[in-house]
Each structure stands twice: as C-alpha cells, then as structure tokens.
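Protein chains: 2
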Amino acid sequence: MSSNTVHVAILGATGQTGGVIVNALLESKSPKFRVTALTRPSSLQKPAVIEMANRGVGIVTADLNGPTKDLEEALSGVDIVISTIYGGNLMDEIPLMDASKSVGIKRYLPCFFATVAPPKGALRLRDMKEDILNYAKKLNLPYTVIDVGWWYQVTLPRLPSGRIDYAVMETMDGIAGEGDVPFAMTDVRDVGKYVARVIVDPRTLNRMVFAYNEVMTHNQLYDLLEGLSGENLERKYVPVEAIRSSISKIEATQPSADSPDFVMLAQYQYWYSCCVRGDNTPEYAKYLGYLTTKELYPDAKWISLESYAQEVLDGNAKRVYEHLQHLAPARAVETK
Amino acid sequence: MSSNTVHVAILGATGQTGGVIVNALLESKSPKFRVTALTRPSSLQKPAVIEMANRGVGIVTADLNGPTKDLEEALSGVDIVISTIYGGNLMDEIPLMDASKSVGIKRYLPCFFATVAPPKGALRLRDMKEDILNYAKKLNLPYTVIDVGWWYQVTLPRLPSGRIDYAVMETMDGIAGEGDVPFAMTDVRDVGKYVARVIVDPRTLNRMVFAYNEVMTHNQLYDLLEGLSGENLERKYVPVEAIRSSISKIEATQPSADSPDFVMLAQYQYWYSCCVRGDNTPEYAKYLGYLTTKELYPDAKWISLESYAQEVLDGNAKRVYEHLQHLAPARAVETK
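Written out as structure tokens, the structure reads:
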C-alpha cells in the first residue's frame, strides 16, 4: 500500500448509499482508496459482503454495541470513517464516534446523505442527525456532513403505459400544493463520485456540503417526462393542508425510530420539507452554512435528469432495491 | 436621517452587554446608526431608560408576550434586531424572531454574547441558545451569532491587600485543575465596538463570530497580576472532579431556567467548559464554524488584559454592576 493511499472505513457498505460510495472509492485513481467495510458479526456470511470482499474491500467485524476496545481496533490505521447506517439506528453511531475520536480518525462522516432541511423542527430524522452531529462537535471530532438532495431514482412518476414501472419508485404520492416549489436532485450513482472528492478536500473539513445535480419543480419534472415520453401524465395535486394533517396524525402517535410509522412520518416530512417549505435548495443550504459541489467542483461531470429519464424510457435503468432494506427508509414507502 | 443610516433595535439595552452595544452604536461615525430600545411597558419610566432617551435612543414599547401585530409595528423601519435578553428568558425571543421574519429584518442577532461552547451538552444555557438559533434557521431568518469569550471584568482574582476589591468580580472560585487550559477573554467595553463592525459586515451574515481580545491560562493570568501588583496571590487549585460533582448535584435537581440554581449551574458549567474542556478558544471556535474578529478585523484596536489590570490597580476601573440584574447571570454568582 503506497503512503498516499487513503484508508476509508464504511458502515453500511452494502446499503444503497454505502454501495455507491464503495464503488466510487474503488474506482478512484487519485487518490487511491483502501476500503474497509465495518460489518456486523451476524452479516459476515451475507452474499453482498462476500461479493464486496471479492472486489477488494476489507471486511472487518464491528459490533457497535460491543466493547470500545474492539471498535478502536477495527479502526486501527483508518483515516476516514463514513457512516451510512440505517436511519432508525442513528444513535448507534455514538460508540463509533467515541472510538473514532480516541484513535484519532482524521475525518468522520455521520450518516446524513439526504435532503437539506433545517437542523431542528421540520424533519424528525434530520433532528436525530443533528443530535449526532452535535455529539461529534462536543467531541471535537473532525467531521464532514454531506447531503445529496432527492434521488432521481425515487422521483419520476409512473407513466400511463406502465412502461417505466420496472425502474421507478416514486415516494411522493402526487404533487404537493401547486407543484411550483423547486427542489434539488441527484442521480444516486453520482453520490459516490461526490463523496470521493469531498472526503479528501481540505476545504470541506468540519463543514457541511450539499452535493446535487439539478434543481427543478414538480411541474417542470412532469413537463420533462411528458416531453420525452410523449405520454400525458395525470397531475394529482395534493393540498398542502392534507400533507400537514397526515404529519400531525402520525406525530400524535409518537412513533419510535424503529417503527414503520416512523418511516411513514419521515416520508411525509421529507415531502413537506422539500415540496412545501422549499428547504431542499442550494440557496437554503448556503444560508445554513453548506458548501455546494457546484461551487467546489465546477468541473464535475454529473448525470442530468433528462439523461436519466431517457435511460429509464429506453429500458436501461435499474430500480433501487437495496435501500428498501438498508437505508433511507423515508424514501422507501409510498405515501398512500 | 440620511439614507445610509442603519436602524438597529435592541432588546435589553439597559443591561451590561446591551449598554456597551448602545454606546458603540451611538459613537459610530461610519456607518451612522439609529438606535431603538425595545422596552417593556413596565420599564418605560425607569431612570436608565429615560437616560438613554436623553442620549438620542428611541424608546419603543415591546411586549414580547403581546400581539404579534404590535411587535411588527415596533420593528417598522428597523434593519437589524439585537437581543441581549436575560438568559433565563431566552425563549421569549421566539415572538420577536417571528415578527422580525414577517417584517423582513435584514439581520437578527440572538442573545449569545458569551463563551464558545459546543452546541449541545456542555452548558445548559448554551443548549437553550442553540434552540433559539435553530428556530431562526427554521424561519430562514438572516442572523449573526456573536460570542465574546470571558470578560476581563469578571476574571481578575482579588489581591491580599484588598485594593482591587472595588472593581473585581471573579466568578470562578479558584483555579480549575492545573490552571493550564487557555481561554479567550474580552474587555466588556470592547464588545460594543466589535458588534458595531460585525453587524454591517456582509461576511458575517448567517455566520457565527467569535470576538475576543486575548487568550491566556489561569496561571498566566495570576502571573500577570502578581507581576503588576507586586503581591503574592494564593492559588487555590480546585480538582476537576470537584467541579464535575458540583455540576452533577445541581443538574440532579433539574433547576428551571428562572431559578437561582440555574444561574449557579450555568456558573459551574461555564467554568468547566472554559477551564477544563477548553472550549472557549479560537481554535475550537473555528472548528465549530465561527469567524473570528482577529481574522476579520486585524486593524481593530482593543484593550489588553495588562492594560485593564493596570487600570484596576490604578483605581480607575469600574465594577460591572448592571449585569447582576440584567444579564449573564452565570457570571454573576460566586461559586461558593
């Protein structure tokens, strides 16, 4: 291993976000990354883990609820730790952050990788992430937060013909309000490429970074898909008040973070935050202190929504399955 | 009023921090400030308020618990709002922030003006300030946070001769641990000058700023005072564990924000944060995302601790009385 190889340990490596990050790190030429997947003892024999090992990823056992000493050992020689843990288990990051601090990790990425939202009060999942970030700050742990906006892969609505059903997974059941609130989107496949640049960029140390490809309103998105497909889309406008009411109803039950209702709540709150409040924009991100990939990396190549949509229409896209089980649950449930 | 006059409304104008800010704004030549004191109906006839009016400060009634419409009216034509509210009443800022948002205030300064500390978990008073800041962020309200470190005026220990008792008000009952943790200090009279520059500086919009004069350890501070006074000081080293234990004891009683115990808790937590954890330093401030006045204003004139101490020894200093009643209660109680 050359001395300029950067050693990255990743929690949640077999999830959707973790997976694209691992791919990008393995593909990177400069710098070269050595990648270690922090893996639960019970997952060592999973096919996805074995497949990763075959691709050159180091597999290291890490029990987040086990002894600190073992976690510290798992992080021995690691430069950067990335968490893409399941949202409901965010608090399990605490021991990993403690161990990261004690072994002198150079940069820790807590599990954000979602849309831009206020630190508190709009999205319960984001509130929890803020607690995690605050814990890192109390530790004086070097960190970088990366948010990535809404994925193309969970944004396109179905077509009347049914011909893109194989690939799409819309997580919003219709168009919020008038459909004229812009929100930022990213192709999930680009997430890894952004992460690979951000984590070795001194400008992003102890900062939040917003990685995104395009900003569009729901109406513009429907227009685009109609133009490309030649089909007419029904536009189901959902009154803002109805979304608010769905949120209140679930909130009233105080769902625990590991419950399906929590996932449903997150789903509605994402929708409201992005498409009603308009939080998920570069402007609001900058107000909150984020750097943006557009400004950091004006040279970056990224997939346009149009090009992704054409790929879907051509039958060449892949549905994002994995995150149903592992990650970003808020996007994984249809808001019916 | 010329068009380039900046209209500042201030809450807590008769307090210690509010007072030095009002002075600096009134003294500023460029820009010129128009200053309005947001005043409780019950305080309109107070001597300090009448004295301010005589110095050209506009007095406007503001009842934070009154109708929003009235608050919005009080802020009519105001560019910048500064809150230096009493720490125990921080949550009263919420309606003021709502009104500031609805009338389009260009910049809102929530009541920080204290030491640098992590956003959560080290100082209960700071935790509450973070809640206020998060509320501003949820509103997308343009803001600036200013922290100012520890005041000289509450730092110098007494001398055996008693000759500086007239001026000093040490808030830490001894030296924490080994006395070798550096912390940043500011002459309270400089706070206003820093604020007057920061609030019209576009670089500080939606940012946190750390204004400070000098960084020193407790031992260095005692050395300095011994050298200047020619007296020998007793150094009462307080074990870290004893401070921790005092904090735990008060925390266990869960004091409400308006109780004397809360003030006592804040006192101990400030001490622990500054002198044990070492939070109140430019380095940690930068890690947390603060800009610093040293970097923003390398030309700024400020009073050195040595010069302040000499002033005290010469009998020319003034004790900070007012903040006992109005402000920074955590610094106003001796930790006996």
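Residue numbers (UniProt numbering), protein chains in the order written: chain A, 1 to 336; chain B, 1 to 336.
We treat Cβ as the ideally placed atom computed from N, Cα and C, and that holds for glycine.
Nearest candidate by alpha-carbon position, reference ILE105(B), set LEU139(B), ALA257(B), PHE112(B), ARG203(B): Here the question's residue 105(B) lines up with position 105 in the second sequence. Ranking the options by Cα distance to ILE105(B), first place goes to LEU139(B).
HIS7(B) bridges to which residues according to DSSP? The residue given as residue 7(B) occupies position 7 in the second sequence. According to DSSP, HIS7(B) bridges with ARG34(B).
Three-pair Cβ contact test at 8 Å for the region 154-165 of chain B versus the region 297-313 of chain B: yes
If you reduce the DSSP assignment to three classes, tell me which class THR144(A) lands in. In the first sequence, the residue the question calls residue 144(A) occupies position 144. In the structure shown, THR144(A) sits in a strand (DSSP, three-state: E or B).
For a minimum of 4 consecutive residues, which ranges assigned as the alpha helix (DSSP H) are wholly contained in the region 33-101 of chain A? 47-54, 68-74
Can the beta-carbon of ASN206(A) be found less than 8 Å from the beta-carbon of PRO118(B)? Here residue 206(A) is taken as the residue at index 206 of the first sequence, counted from 1. Here residue 118(B) is taken as the residue at index 118 of the second sequence, counted from 1. The answer is no: Cβ separation not under 8 Å.
Could you check the C-alpha separation between ILE21(A) and VAL209(A) for me, to the nearest Å? The residue you call residue 21(A) lines up with position 21 of the first sequence. The residue you call residue 209(A) lines up with position 209 of the first sequence. Computed Cα separation, rounded: 15 Å.
So what does DSSP say about ARG207(B), is it helix, strand or coil? Taking the first residue of the second sequence as 1, we reach residue 207(B) at position 207. DSSP places ARG207(B) in strand when its eight states are reduced to three.
Run through chain A and tell me which residues come within less than 7 Å of LEU288(B), C-beta to C-beta. In the second sequence, residue 288(B) corresponds to position 288, counting from 1. Within 7 Å Cβ-Cβ: LYS137.
Fully enclosed by the region 110-158 of chain B, which alpha helix (DSSP H) runs are 4 residues long or longer? 124-139
Beta-carbon separation (whole angstroms), LEU141(B) vs SER100(B), contact threshold 8 Å: Along the second sequence, read from residue 1 onward, the residue named residue 141(B) stands at position 141. Along the second sequence, read from residue 1 onward, the residue named residue 100(B) stands at position 100. Contact holds; Cβ gap of about 6 Å.
Kindly indicate the opening and closing residues of the alpha helix (DSSP H) around ALA184(A). Sequence index remark: in the first sequence, residue 184(A) carries index 184 (1-based). Per DSSP, ALA184(A) belongs to no alpha helix (DSSP H); it is in the beta strand (DSSP E), 183-186.
So, using beta-carbon positions, are ILE175(B) and LYS249(B) closer together than 8 Å? For this step, residue 175(B) is matched to residue 175 along the second sequence. For this step, residue 249(B) is matched to residue 249 along the second sequence. Cβ atoms of ILE175(B) and LYS249(B): not closer than 8 Å.
Between ALA24(A) and GLY192(A), is the Cβ-Cβ spacing less than 8 Å? Position 24 of the first sequence, counted from the first residue, corresponds to residue 24(A). Position 192 of the first sequence, counted from the first residue, corresponds to residue 192(A). Yes, they are a contact pair.
Spatial neighbours of LYS318(A) within its chain, please: C-beta separation below 8 Å, excluding the five flanking residues on both sides. The count along the first sequence starts at 1 and reaches residue 318(A) at position 318. Cβ neighbours of LYS318(A) beyond the five flanking positions: ALA167.
Give the interface partners of GLY121(A) over in chain B, defined as CB-CB distance under 8 Å, in chain order. For the purposes of this step, residue 121(A) is taken as residue 121 along the first sequence, with counting starting at 1. Going along chain B in sequence order, the residues near GLY121(A) (Cβ under 8 Å) are ASN134, TYR135, LYS138.
Would you report the Cα separation of LEU26(B) and LYS32(B), rounded to the nearest angstrom? Numbered from 1 along the second sequence, position 26 holds the residue referred to as residue 26(B). Numbered from 1 along the second sequence, position 32 holds the residue referred to as residue 32(B). Looking at the two C-alpha atoms, the distance is approximately 8 Å.
Residues bridged to GLU214(A) (per DSSP): Walking along the first sequence from the start, residue 214(A) turns up at place 214. Note: GLU214(A) sits in a beta bridge opposite MET185(A).
Out of LEU75(B), LEU288(B), ARG189(B), LEU44(B), point me to the one whose CA is closest to LYS301(B)'s CA. Position 301 of the second sequence holds residue 301(B). Among LEU75(B), LEU288(B), ARG189(B), LEU44(B), the Cα nearest to that of LYS301(B) is on ARG189(B).
Should GLY77(B) go down as buried or exposed, given a rule of 16 or more other Cβ atoms within 10 Å for buried? Taking the first residue of the second sequence as position 1, residue 77(B) is located at position 77. Looking at its Cβ environment, which holds fewer than 16 other Cβ atoms inside 10 Å, GLY77(B) is exposed.
Could you tell me whether the Cβ atoms of PRO182(A) and VAL215(A) are closer together than 8 Å? Residue 182(A) sits at position 182 when you count from the first residue of the first sequence. Residue 215(A) sits at position 215 when you count from the first residue of the first sequence. Yes, the Cβ-Cβ distance between PRO182(A) and VAL215(A) is below 8 Å.
Who does THR292(A) pair with in a DSSP beta bridge? Sequence index remark: in the first sequence, residue 292(A) carries index 292 (1-based). According to DSSP, which records beta bridges pairwise, THR292(A) is partnered with PHE210(A).
Output the boundary residues of the alpha helix (DSSP H) element that contains ALA257(A). The residue given as residue 257(A) occupies position 257 in the first sequence. Here ALA257(A) belongs to no alpha helix (DSSP H), and DSSP marks it neither H nor E.
In chain order, each beta strand (DSSP E) run of at least 3 residues that lies wholly inside the region 265-315 of chain B: 290-292
Can you tell me whether DSSP reads TYR237(B) as helix, strand or coil? As a first step, residue 237(B) must be located in the second sequence, where it is residue number 237. TYR237(B): strand per DSSP, three-state reduction.
TYR284(A): contacting residues in chain B (beta-carbon distance under 8 Å): Residue numbering aside, residue 284(A) sits at position 284 when the first sequence is read from its first letter. Correct list: ASN140.
Spell out a yes or no on whether the region 246-265 of chain A and the region 75-91 of chain A are touching, meaning 3 or more CB-CB pairs, one atom from each, closer than 8 Å. yes
How would you write the range of the alpha helix (DSSP H) that ILE21(B) sits in, first residue to last? Locating residue 21(B) in the second sequence gives position 21, counting from the first residue. Note, ILE21(B): alpha helix (DSSP H), 16-27.
Residues bridged to TYR194(A) [DSSP beta-bridge criterion]: On the first sequence, residue 194(A) is found 194 positions in, with the first residue counted as 1. Beta-bridge pairing links TYR194(A) to no other residue.
Residues of the region 175-202 of chain B whose Cβ lies closer than 9 Å to any Cβ of chain A, in chain order: none
Measure the Cβ-Cβ separation of MET169(B) and VAL320(B) and say whether it is below 8 Å. Numbered from 1 along the second sequence, position 169 holds the residue referred to as residue 169(B). Numbered from 1 along the second sequence, position 320 holds the residue referred to as residue 320(B). Cβ atoms of MET169(B) and VAL320(B): closer than 8 Å.
Opposite TYR108(B) in the DSSP bridges: which residues? Within the second sequence, the letter at position 108 stands for residue 108(B). DSSP, once it has assigned bridges, lists VAL81(B), TYR143(B) as partnering TYR108(B).
Cut-off 6 Å between Cβ atoms - residues of its own chain near THR14(A), not counting five sequence neighbours on either side: Translated into positions along the first sequence, residue 14(A) becomes position 14. Around THR14(A): ALA48.
Whole angstroms is fine: what's the gap from PRO67(A)'s alpha carbon to ILE132(A)'s? Working through the first sequence from its first residue, we reach residue 67(A) at position 67. Working through the first sequence from its first residue, we reach residue 132(A) at position 132. One C-alpha to the other measures close to 20 Å.
Buried versus exposed, by CB contacts within 10 Å (16 or more), PHE113(A): Here residue 113(A) refers to the residue found at position 113 when the first sequence is read from its first residue. Burial call: buried.
Do you know whose CA, among GLU295(A), ARG203(A), ALA122(A), lies nearest GLY278(A)'s CA? Taking the first residue of the first sequence as position 1, residue 278(A) is located at position 278. Checking every option, the nearest Cα to that of GLY278(A) belongs to ALA122(A).
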